[in-house]
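Protein chains in written order, with this note's numbering: chain A, 1 to 256; chain B, 1 to 396; chain C, 1 to 392. Heads up, the beta-carbon is just placed ideally off N, CA and C, and yes, glycines get one too. Read the structure below first, then the notes.
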Amino acid sequence: MAATPAPAATEPDVLIQMSGVNKWYGEFHVLRDINLAVERGEKVVICGPSGSGKSTLIRCLNRLEEHQKGSIIVDKIELTNDVKNIDAIRREVGMVFQQFNLFPHLTVLENLTLAPIWVRKIPKKEAEETAMYFLGRVKIPEQAGKYPGQLSGGQQQRVAIARSLCMKPKILLFDEPTSALDPEMIKEVLDVMIELAREGITMICVTHEMGFARTVANRVIFMDRGQIVEQNEPEEFFKNPKSDRTKLFLSQILAH
Amino acid sequence: MTMDVAAAGTAVRRGSAFNDPRLRSIFYQAVLLLVVIGIGWFLVSNLIHNREVRGIATGYGFLNREAGFAIAETPISYTPSDPYSRAFLVGLVNTLKVSILGIILATLLGVVVGVSRLSSNWLVAKLAAGYVDLVRNIPLTVQLLLWAGLIRVSAPAPRQAANPVPGVFISNRGIQVPSIENNPIFLWVVIAALVALVIGWGIARWARQRQAATGQPFHSFWVGLALFIGLPLVVWLAGGAPAAFEIPELKGFNFQGGWTLSPEFAAMLLGLTVYTASFIAEIVRGGILAVSHGQTEAARALGLHSGVTLRRIILPQALRMIIPPMTSQYLNITKNSSLAVVIGYPELVSIGNTIGNQTGQVVEAISIFMAVYLFISLSISIGMNVYNRRMSLRER
Amino acid sequence: MAATHSFTEPFVATQEIPAEPPPGSTTGPIAWVRQNLFSTWYNIVLTAVIAYLAIRLIPPFISWAFIDPVWGPATPDQTPADVVAACRAATGACWAFVNEKYRLIFFGLYPFDEYWRPILAMLILLGLAVSSTVRRFWGKRLIVAWVVVIVAAITLMYGAIPLGFLDIPIPGLTLVETGKWGGLPLTMGLSMIGLALAFPFSILLALGRRSNMPAIRTLCVTYIELVRGVPLITVLFMASVMFPLFLPEGWNFNYLLRAQVAIIMFTAAYLAEVVRGGLQSIPKGQFEAADSLGLSYWQKQRLIILPQALRISIPALVNTFIGSFMDTTLVIMVGLFDLLGAARLGLSDSIWGPFYKEAYLFVSLLFFVFCFSMSKYSQHLERYLNIGTRRR
Chain A
1 MAATPAPAAT EPDVLIQMSG VNKWYGEFHV LRDINLAVER GEKVVICGPS GSGKSTLIRC
61 LNRLEEHQKG SIIVDKIELT NDVKNIDAIR REVGMVFQQF NLFPHLTVLE NLTLAPIWVR
121 KIPKKEAEET AMYFLGRVKI PEQAGKYPGQ LSGGQQQRVA IARSLCMKPK ILLFDEPTSA
181 LDPEMIKEVL DVMIELAREG ITMICVTHEM GFARTVANRV IFMDRGQIVE QNEPEEFFKN
241 PKSDRTKLFL SQILAH
Chain B
1 MTMDVAAAGT AVRRGSAFND PRLRSIFYQA VLLLVVIGIG WFLVSNLIHN REVRGIATGY
61 GFLNREAGFA IAETPISYTP SDPYSRAFLV GLVNTLKVSI LGIILATLLG VVVGVSRLSS
121 NWLVAKLAAG YVDLVRNIPL TVQLLLWAGL IRVSAPAPRQ AANPVPGVFI SNRGIQVPSI
181 ENNPIFLWVV IAALVALVIG WGIARWARQR QAATGQPFHS FWVGLALFIG LPLVVWLAGG
241 APAAFEIPEL KGFNFQGGWT LSPEFAAMLL GLTVYTASFI AEIVRGGILA VSHGQTEAAR
301 ALGLHSGVTL RRIILPQALR MIIPPMTSQY LNITKNSSLA VVIGYPELVS IGNTIGNQTG
361 QVVEAISIFM AVYLFISLSI SIGMNVYNRR MSLRER
Chain C
1 MAATHSFTEP FVATQEIPAE PPPGSTTGPI AWVRQNLFST WYNIVLTAVI AYLAIRLIPP
61 FISWAFIDPV WGPATPDQTP ADVVAACRAA TGACWAFVNE KYRLIFFGLY PFDEYWRPIL
121 AMLILLGLAV SSTVRRFWGK RLIVAWVVVI VAAITLMYGA IPLGFLDIPI PGLTLVETGK
181 WGGLPLTMGL SMIGLALAFP FSILLALGRR SNMPAIRTLC VTYIELVRGV PLITVLFMAS
241 VMFPLFLPEG WNFNYLLRAQ VAIIMFTAAY LAEVVRGGLQ SIPKGQFEAA DSLGLSYWQK
301 QRLIILPQAL RISIPALVNT FIGSFMDTTL VIMVGLFDLL GAARLGLSDS IWGPFYKEAY
361 LFVSLLFFVF CFSMSKYSQH LERYLNIGTR RR
């Protein structure tokens, strides 16, 4: 359990620190020497071709995947096999999945209140009030009594975002949140994410939506074959990509 | 008649009655019904004629006649001077006895094996898989004959009976287990257990409300379990802790006291349990696997512990997938109990067969036991349909 | 490339980091043992218990089954009674029983001189089954092949082509009555012919169950639910006992035919549910496309719907066949001697009576070999069919 001393006022408030992180799936080297720091309030977008390890990277941050080498420190707690550390980190890190992963046998309201009741031990009434508040923030408060199967894809993903928000996390991770949506529903989800970003939450987002990156991101990271190839501010990144691999990737996705 | 000439000279084809699909369908159905009725009439008239020739009676009146044969296992009282209807009843009770016990044991064993197949311990998982693959690919008939042989032929005589657990004896006369003495204390013990159940349910309700109000969870399950064991225990001790069991004792050549499971019944029970448990194990495993991995990931990402994840997320969804095929396995146990006729356990089909042969009225005898099985199957089917409709996930 | 760059400043990698092998403590045999056998305390306990039981149970079984048994007569002039005595005295298994009775188990009461006929019949049936697994052969030719091979197999066993009331004798083959058929050819024949004839019947039942015509639908549903609601043994009894009663005098069906009809009727009801499942999984769009092309009902089924539905149902079909193969053991109750029945017949020879374990274990082994291979094939098929339909 590493506890670094509180940073001085002039030092950046680093929420996530990944140093020399390597991960293997069996013999396959999927993350290669990742060095990454994210400050509080930063919005980071990670892009790259499929198989580059970007999903694996953020899944390592809440221990859905284990890294074999290097260190990950989240909110001043080191991520090891220590179950207490993992629990503490998962309370502060929320995740929104590509496939939504809502619990189909529970209503929308129950989906949102389950974790606050069982993990943060919040009384039911208070949890429901919080849930209704966040449902309002994602603009679908009237769906509280419905089951996920009765909602459209865009609505389900917004419920998933609200579910993570109900835990009041410090960091939100997004794993390709709009890739499974029909085109007309992508905008409603992106709008919610932009509003969240503007309020100051720390975000790491794996996505192909470059418009979102331009609007909201402080930093864009390009990954290829397990390594961070390039990282820059959005304007610079899109206008002057420095590496050849970045240029190739951008030409492919920005073609249309 | 089939064409209508409209004013401007163009013809509109109306279509003939012959091609109207509704009329055609009525025609086909009428033909089919006629054929079926015709065949039925043909068969029944032959039956009546053949019976007349052989002097066999028709109708179910034989049920009141004296049976005249003994039955080896009679859970309800029966003597050869009882009527055939009573003999059928004995068969039915034997069928239900082995089926219900088989269902309970097979479910327990099947769940354990099914969960073991998903174990992180390689040995346990492979053993469970090996058991399932082995048992599912050997016919139940052979397995029953093996079990029957093991107990009837290979087990030792009562004098040298195997005693694996105190009070339980395995010999070639069957399996003896202790039975409960008829002491009034046990009535109070049972009442205490029921009271504990009610109190436990009340505690659970209180705990749920408290958690809703203050957020503090409560281990109502463990408290309830402690009550369920503790309260009857206290009552039993207070009543002087009477020796609870009638232990089978060897007197002369056989055991007296306790419950006896005859070799045939024991073989049926073991065979049905081991065989069906392998299918139940696959159903349980399939149900748990069918819950998508994303559910577990979302739960873990929210910080939910594995206990809560299992109880609230995985099991409700898995049970939806498990229960329909599970009831069909329960039905299979009931139907497979009819194989008892191969090893001589006197259940419904075996007794019905005897009755049919004795009276010559095989059609009636067969119709009786087929009707019983049909009744059981259809009730379970209807129950399953009702359950499915209630539990199906609501979709748009 | 060490971590000398700033973590949040703009950054460009100058070279590609090569792939490295994973650290030693997470792969390799020792790591495997640690993760799979000893990862938690209860896993350690379980592994220990299983290892202990293995040591206690496996060596005695191996010596019983493979090291100590009596394999057969020690010298050619030993009588069966001598062999039985030797078996009783020995501590191992009495495989001599199999040695003595294998002809009975494999061929039933078939005359010894004509063994080439059931052997040949089994070989062509086996060949038919195996070639049905090759996807390239699926099609009309296969259906014709099934019909031809089955008729050929029956003719070989019988000695004439049976055409109901008329038998066309084949010169050179003596007639062998069905009462003498038994053992493995009987098991194979009952299940394969049962499947072959039940299959078309089941397709009709499944289509009828989904029909819009209420009379047809009711008839099919009634038949299916009736037959599925009762045990196979009752259907066998019904067929064997009621046949002579429901038919006019003089029409006689031998026992084998009655049992075969019962198996066909029974299997058809279960297969009908399998086919119905396949039909239900076809998207409505297929039916609509076929209708909009102007195809008639039977054209639509034959050309579009059934080929897809049957393809999807094949793994479940194979599983039903495995069940039917194992169910043939019930025919002992109606006087026929399939593989199991023939083994029991061998046991009924009084001196060999006590060796039921060897007899039933041998029969179990035979069934296991057949059924396990078939179920592996069915799993393989399922994976293959799912690859085509799996969504990422």
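1. Expressed to the nearest angstrom, what Euclidean distance is found between the alpha-carbon atoms of glycine 72(C) and glycine 40(B)?
2. Can you list the alpha helix (DSSP H) stretches of 4 or more residues lying completely in the segment 68-147 of chain A, in chain order?
3. Can you tell which of Phe372(C), Ile168(C), Leu184(C), Ser191(C) has its C-alpha closest to the C-alpha of methionine 122(C)?
4. Go through its chain and collect everything with a Cβ distance to glycine 102(B)'s Cβ below 8 Å, but skip five positions before and after it.
5. By Cβ distance below 7 Å, which residues in the same chain neighbour glycine 108(C) in space, the five residues on each side in sequence not counted?
6. Quick check: what's the CA-CA separation for isoleucine 168(C) versus tyrosine 115(C)?
7. So, does the CB of methionine 265(C) fall closer than 8 Å to a CB anywhere in chain B?
8. Taking 8 Å as the threshold (beta carbon to beta carbon), is isoleucine 216(C) in contact with chain A?
9. Would you kindly check if the distance between the Cβ of phenylalanine 38(C) and the Cβ of glutamate 358(C) is under 8 Å?
10. Can you list the alpha helix (DSSP H) stretches of 4 or more residues lying completely in the segment 116-173 of chain C, in chain order?
11. So, is the C-beta of methionine 185(A) closer than 8 Å to a C-beta in chain B?
12. Where do the ends of the alpha helix (DSSP H) carrying tryptophan 41(B) lie?
13. Below 7 Å CB to CB, which residues in the same chain sit around glutamate 377(B) once its five sequence neighbours on both sides are set aside?
14. Taking a contact to mean a Cβ-Cβ separation below 8 Å, would you say phenylalanine 266(C) touches leucine 43(B) in this structure?
15. Using DSSP's beta-bridge definition, name the partner residues of tryptophan 259(B).
16. At the level of alpha carbons, what is the spacing between proline 7(A) and leucine 15(A)?
17. Does DSSP put serine 281(C) in a helix, a strand or coil?
18. Identify the continuous beta strand (DSSP E) that holds cysteine 47(A) and give its terminal residues.
19. Alpha carbons only, please: which of Trp147(B), Leu34(B), Tyr60(B) is nearest the one belonging to glycine 360(B)?
20. I need the DSSP call for isoleucine 216(C), collapsed to helix, strand or coil.
21. Just to confirm, are isoleucine 193(C) and isoleucine 143(C) a CB contact at a threshold of 8 Å?
22. If you pair each beta-carbon of the segment 207-223 of chain A with each one of the segment 32-45 of chain A, do three or more pairs fall below 8 Å?
23. Are the beta-carbon atoms of threonine 40(C) and leucine 123(B) separated by less than 8 Å?
24. Would you mind working out which of Gly294(C), Ser292(C), Tyr270(C) sits nearest aspartate 327(C), comparing C-alpha positions?
25. Can you give me the Cβ contacts of tyrosine 360(C) inside the same chain, cut-off strictly under 6 Å, excluding the 5 residues immediately before and after it?
26. What whole-angstrom Cβ distance do valine 291(B) and glutamine 317(B) have, given they're in contact under 8 Å?
27. From arginine 136(B) to phenylalanine 279(B), what does the alpha carbon distance come to, in whole angstroms?
28. Between which two residues does the beta strand (DSSP E) containing tryptophan 24(A) stretch?
29. For tyrosine 133(A), count the other beta carbons within 10 Å of its own beta carbon; 16 or more makes it buried, fewer makes it exposed. Which is it?
30. Roughly how many whole angstroms lie between the Cα atoms of valine 132(B) and valine 134(C)?
31. Step through the CB atoms of chain B and report whether any lies within less than 8 Å of the CB of methionine 242(C).
32. Can you look up methionine 326(B) in the DSSP assignment and give me helix, strand or coil?
33. With 16 as the cutoff for other CB atoms within 10 Å, does phenylalanine 66(C) come out buried or exposed?
34. Any idea which residues DSSP pairs alanine 162(B) with across the strands?
35. What does methionine 358(B) pair with, by DSSP beta-bridge criteria?
36. Return the CA-CA distance between threonine 95(B) and glutamate 273(C), expressed in angstroms with no decimal places.
This is what the structure holds:
1. Taking the third sequence and counting its residues from 1, one reaches residue 72(C) at position 72. Taking the second sequence and counting its residues from 1, one reaches residue 40(B) at position 40. Those two C-alpha atoms are separated by around 56 Å.
2. 83-92, 108-118, 124-137
3. For the purposes of this step, residue 122(C) is identified with residue 122 of the third sequence, where counting begins at 1. For the residues Phe372(C), Ile168(C), Leu184(C), Ser191(C), the minimum Cα distance to methionine 122(C) belongs to Leu184(C).
4. Residue 102(B) sits at position 102 when you count from the first residue of the second sequence. Contacts found: Met268, Leu269, Leu272, Thr273, Thr276, Ile333, Ser337.
5. As a position in the third sequence, residue 108(C) is number 108, starting the count at 1. Counting only Cβ-Cβ distances below 7 Å, and skipping sequence neighbours, we find Lys180, Trp181, Gly182, Gly183, Leu186, Phe337, Ala342.
6. Within the third sequence, numbered from 1, the residue matching residue 168(C) stands at position 168. Within the third sequence, numbered from 1, the residue matching residue 115(C) stands at position 115. Distance between the alpha carbons of isoleucine 168(C) and tyrosine 115(C): 21 Å.
7. Taking the first residue of the third sequence as 1, we reach residue 265(C) at position 265. Not one chain B Cβ lies under 8 Å of methionine 265(C).
8. Sequence index remark: in the third sequence, residue 216(C) carries index 216 (1-based). False, the Cβ-Cβ gap to chain A never drops below 8 Å.
9. Walking along the third sequence from the start, residue 358(C) turns up at place 358. Walking along the third sequence from the start, residue 38(C) turns up at place 38. Cβ atoms of glutamate 358(C) and phenylalanine 38(C): not closer than 8 Å.
10. 116-132, 140-158
11. Along the first sequence, one-based indexing puts residue 185(A) at 185. No, no contact with chain B.
12. Walking along the second sequence from the start, residue 41(B) turns up at place 41. Unbroken alpha helix (DSSP H) run through tryptophan 41(B): 21-54.
13. Here residue 377(B) refers to the residue found at position 377 of the second sequence. It is serine, not glutamate, that sits at residue 377(B) in the sequence shown. Once the five neighbours on either side are set aside, the close Cβ partners of serine 377(B) are Leu331.
14. Position 266 of the third sequence holds residue 266(C). Position 43 of the second sequence holds residue 43(B). No, the pair does not count as a contact, with Cβ atoms beyond the cut-off.
15. Along the second sequence, one-based indexing puts residue 259(B) at 259. Paired residues: Val177(B).
16. Here the question's residue 7(A) lines up with position 7 in the first sequence. Here the question's residue 15(A) lines up with position 15 in the first sequence. The predicted position of proline 7(A) is uncertain, since its pLDDT is 46 and thus under 50; a value taken from the coordinates is nonetheless stated next. So the alpha carbons of these two residues sit roughly 11 Å apart.
17. Residue mapping note: residue 281(C) aligns to position 281 of the third sequence, counting from 1. Serine 281(C): coil per DSSP, three-state reduction.
18. Your numbering for residue 47(A) matches position 47 in the first sequence. 43-47 is the extent of the beta strand (DSSP E) around cysteine 47(A).
19. For the purposes of this step, residue 360(B) is identified with residue 360 of the second sequence, where counting begins at 1. Per the Cα distances, Tyr60(B).
20. If you number the third sequence from 1, residue 216(C) lands on position 216. In this structure, isoleucine 216(C) counts as helix in the three-state DSSP scheme.
21. If you number the third sequence from 1, residue 193(C) lands on position 193. If you number the third sequence from 1, residue 143(C) lands on position 143. Their beta carbons are not under 8 Å apart, which means isoleucine 193(C) does not touch isoleucine 143(C) by this criterion.
22. yes
23. Residue 40(C) sits at position 40 when you count from the first residue of the third sequence. Residue 123(B) sits at position 123 when you count from the first residue of the second sequence. No, the Cβ-Cβ distance between threonine 40(C) and leucine 123(B) is not below 8 Å.
24. Taking the third sequence and counting its residues from 1, the one referred to as residue 327(C) is at position 327. That would be Tyr270(C), whose Cα lies nearest to the Cα of aspartate 327(C).
25. Here residue 360(C) refers to the residue found at position 360 of the third sequence. Hits under 6 Å: none found.
26. Along the second sequence, read from residue 1 onward, the residue named residue 291(B) stands at position 291. Along the second sequence, read from residue 1 onward, the residue named residue 317(B) stands at position 317. So it is a contact: roughly 5 Å between Cβ atoms.
27. By one-based count along the second sequence, residue 136(B) stands at place 136. By one-based count along the second sequence, residue 279(B) stands at place 279. Approximately 7 Å between the Cα atoms of the pair.
28. Translated into positions along the first sequence, residue 24(A) becomes position 24. Residues 14-25.
29. Along the first sequence, read from residue 1 onward, the residue named residue 133(A) stands at position 133. The residue is exposed, with fewer than 16 neighbouring Cβ atoms inside 10 Å.
30. Here the question's residue 132(B) lines up with position 132 in the second sequence. Here the question's residue 134(C) lines up with position 134 in the third sequence. Their backbone Cα atoms lie some 27 Å apart in a straight line.
31. Residue numbering aside, residue 242(C) sits at position 242 when the third sequence is read from its first letter. Chain B contact via Cβ: present.
32. By 1-based counting over the second sequence, the position of residue 326(B) is 326. Correct three-state label for methionine 326(B): helix.
33. Counting from one through the third sequence, the residue named residue 66(C) turns up at place 66. Classification for phenylalanine 66(C): exposed.
34. Stepping through the second sequence from its first residue, residue 162(B) is reached at position 162. DSSP, once it has assigned bridges, lists Ile170(B) as partnering alanine 162(B).
35. Your numbering for residue 358(B) matches position 358 in the second sequence. The sequence given here has glutamine at residue 358(B), not methionine. Beta-bridge pairing links glutamine 358(B) to no other residue.
36. Counted from its first residue, the second sequence places residue 95(B) at position 95. Counted from its first residue, the third sequence places residue 273(C) at position 273. Approximately 27 Å, taken between the alpha carbons.
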